[in-house]
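First comes the structure, then the notes that go with it.
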Ligand SMILES: C[S@@+](CC[C@H](N)C(=O)[O-])C[C@H]1O[C@@H](n2cnc3c(N)ncnc32)[C@H](O)[C@@H]1O
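Numbering (this note's numbering), first residue to last: 14 to 309.
Next up, the structure:
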């Protein structure tokens, strides 16, 4: 993804310095700048006052977003660009974008002083005296955060869930287990396509609680249950015709053995993920995730 834009030395330099435009975008998403401009343009002074930003800094921040083609100049002040309206405001909710930006910001420190810490045998976070909680621990410790992340994933994953539901042959399937199912977005899509089906979503306890809330607002609520468990360690419920694991990224032998025990005779295990064809480079998102984990 990045290599396509690197044709000259200047492009390499631009990427090298991309952390600041990235942070400027993250701040805009977390502060809600784009949604402030939905009704129309506003002058820089008004925006500076809104978030108590020193006027000169605010002006340069806004110009940075103009250079990214996310804002544009209009006589009344700064306005949303067509790109920002289409790709940001009309794609996900403000809450989902805010959560995505929060996650990116919290991961930033992994990159600080990387040249000095890349050789650290253990965690670079520990070496820098910083702390990044393990995902499962964090979700367990903070129900409000779990709820926020579950809602964001639900929204972001809806198109994929629909696609999976259209692709899967569910003939003869009565019970499905949705491993690491989060909000249950995939299960809900499957339930919509197949009237005789019921689903059990297995995920961390606080995630299940947040998922139950979402499913509870749908007419499918009586056909979906949430089973709190750590899929890396806990035994799984049994008696399923289909187990689906959609973009969870937890692949290990012990889990697959427990999945096999959870399946009825002739049952199927379906993994949904972007897997790299042999000999090809992995998608950049996978590499970024793997690199991040290797620094923990
Ligand atoms: C990226 S989300 C995907 C959720 C859902 N499958 C979807 O496609 O939207 C990954 C999910 O895996 C769950 N997960 C990750 N590690 C887990 C673990 N050890 N035990 C249970 N759930 C886990 C997370 O809580 C999260 O809901």
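The beta-carbon is built from N, C-alpha and C at its ideal position, and this holds for glycine as well.
(request) Examine the Cβ distances between the stretch 149 to 165 and the stretch 214 to 227 and report whether three or more of them are shorter than 8 Å. (result) Contact between the stretch 149 to 165 and the stretch 214 to 227 is present: three or more C-beta pairs spanning the two stretches fall below 8 Å.
(message) Below 8 Å, how does it come out for the stretch 136 to 145 and the stretch 198 to 217: are there three or more Cβ pairs, yes or no?
(response) At 8 Å Cβ cutoff, the stretches do not touch.
(request) Compare the Cα-Cα distances from residue 171 to each of 79, 153, 195 and report the closest residue. (result) The candidate whose alpha carbon is nearest that of residue 171 is 195.
(request) For residue 286, count neighbouring C-beta atoms within 10 Å of its own C-beta (all shown protein chains included) and say buried if the count is 16 or more, exposed if not. (result) Counting the other CB atoms within 10 Å of its CB gives residue 286 a total below 16, which places it among the exposed residues.
(request) Give the DSSP-derived three-state secondary structure of residue 19 in the structure shown. (result) It is coil, neither helix nor strand.
(request) Taking residue 241 as part of the beta strand (DSSP E), name the residues at either end of that continuous run. (result) Note, residue 241: beta strand (DSSP E), 237 to 241.
(request) Would you decide whether residue 226 is buried or exposed? Buried here means 16 or more other CB atoms lie within 10 Å of its CB. (result) That one is exposed.
(request) Find the nearest neighbour of residue 311 within the set 124, 191, 200, 298, judged by alpha-carbon distance. (result) Outside the shown range of the chain, which is 14 to 309, sits residue 311, and nothing can be said about it.
(message) With three or more C-beta pairs closer than 8 Å as the rule, is the stretch 146 to 153 touching the stretch 169 to 189?
(response) Result no; under three Cβ-Cβ pairs closer than 8 Å.
(message) Report the CB separation of residue 78 from residue 37 in whole angstroms; it is logged as a contact under 8 Å.
(response) With 8 Å as the limit, residue 78 and residue 37 qualify as a contact, their Cβ atoms being about 6 Å apart.
(request) Could you tell me whether the Cβ atoms of residue 168 and residue 109 are closer together than 7 Å? (result) For the 7 Å CB-CB criterion, residue 168 and residue 109 form a contact.
(request) Give a single yes or no on whether residue 259 has its beta carbon closer than 6 Å to a heavy atom of ligand 1. (result) Yes; taking the cut-off as 6 Å, the Cβ of residue 259 has a heavy atom of ligand 1 nearer than that.
(request) Tell me whether the beta-carbon of residue 237 lies closer than 7 Å to the beta-carbon of residue 212. (result) Yes, the Cβ-Cβ distance between residue 237 and residue 212 is below 7 Å.
(message) What residue range does the alpha helix (DSSP H) around residue 120 cover?
(response) That run of the alpha helix (DSSP H) goes 107 to 120.
(request) List the endpoints of the continuous beta strand (DSSP E) containing residue 281. (result) Run containing residue 281: 276 to 285, per the beta strand (DSSP E) assignment.
(message) Measuring straight from C-alpha to C-alpha, what distance separates residue 53 and residue 25?
(response) The alpha-carbon atoms of residue 53 and residue 25 are separated by roughly 36 Å.
(request) Flag residue 194 as yes when its Cβ comes closer than 6 Å to any non-hydrogen atom of ligand 1, and as no otherwise. (result) Taking 6 Å as the cut-off, the C-beta of residue 194 counts as close to a heavy atom of ligand 1.
(request) Could you have a look at residue 146 and say whether DSSP puts it in helix, strand or coil? (result) DSSP places residue 146 outside both helix and strand once states are collapsed to three, so it counts as coil.
(message) Helix, strand or coil for residue 196? Go by DSSP, reduced to three states.
(response) Residue 196: coil per DSSP, three-state reduction.
(message) Spatial neighbours of residue 271 within its chain, please: C-beta separation below 6 Å, excluding the five flanking residues on both sides.
(response) Around residue 271: 249.
(request) Compare the Cα-Cα distances from residue 51 to each of 260, 97, 266, 182 and report the closest residue. (result) Ranking 260, 97, 266, 182 by Cα distance to residue 51 puts 97 first.
(request) Indicate, with yes or no, if ligand 3 has a heavy atom lying under 6 Å from the CB of residue 144. (result) Of the ligands this structure carries, namely ligand 1, none is ligand 3.
(message) At a cut-off of 6 Å, would you count residue 180 as near ligand 1, judging by its Cβ distance to the nearest heavy atom?
(response) Residue 180: no, Cβ never under 6 Å from ligand 1.
(request) Answer yes if the stretch 268 to 283 comes into contact with the stretch 299 to 309, meaning at least three C-beta pairs across the two stretches below 8 Å, and no otherwise. (result) Remark: fewer than three beta-carbon pairs, one from each stretch, lie closer than 8 Å, so the stretch 299 to 309 and the stretch 268 to 283 are not flagged as touching.
(message) For a quick check, are the C-beta atoms of residue 282 and residue 263 less than 7 Å apart?
(response) In this structure, residue 263 does not lie closer than 7 Å to residue 282 by Cβ.
(request) Answer yes or no: the CB of residue 166 versus the heavy atoms of ligand 1, is any distance below 6 Å? (result) At least one heavy atom of ligand 1 is nearer than 6 Å to the Cβ of residue 166, so yes.
(message) Are the CB atoms of residue 39 and residue 118 within a distance shorter than 7 Å?
(response) Yes.
(request) Would you kindly work out how many angstroms separate the C-alpha atoms of residue 102 and residue 87, rounded to a whole number? (result) Approximately 19 Å between the Cα atoms of the pair.
(message) Going by the DSSP bridge assignment, what does residue 203 pair with across the sheet?
(response) Beta-bridge pairing by DSSP links residue 203 to no other residue.
(message) Helix, strand or coil, according to DSSP, for residue 217 in the structure here?
(response) For residue 217, the three-state secondary structure derived from DSSP is coil.
(request) State the start and end residues of the unbroken alpha helix (DSSP H) segment that holds residue 60. (result) In this chain, the alpha helix (DSSP H) harbouring residue 60 covers 57 to 64.
(message) Given this structure, state the Cα-to-Cα distance separating residue 94 from residue 19, to the nearest angstrom.
(response) Looking at the two C-alpha atoms, the distance is approximately 25 Å.
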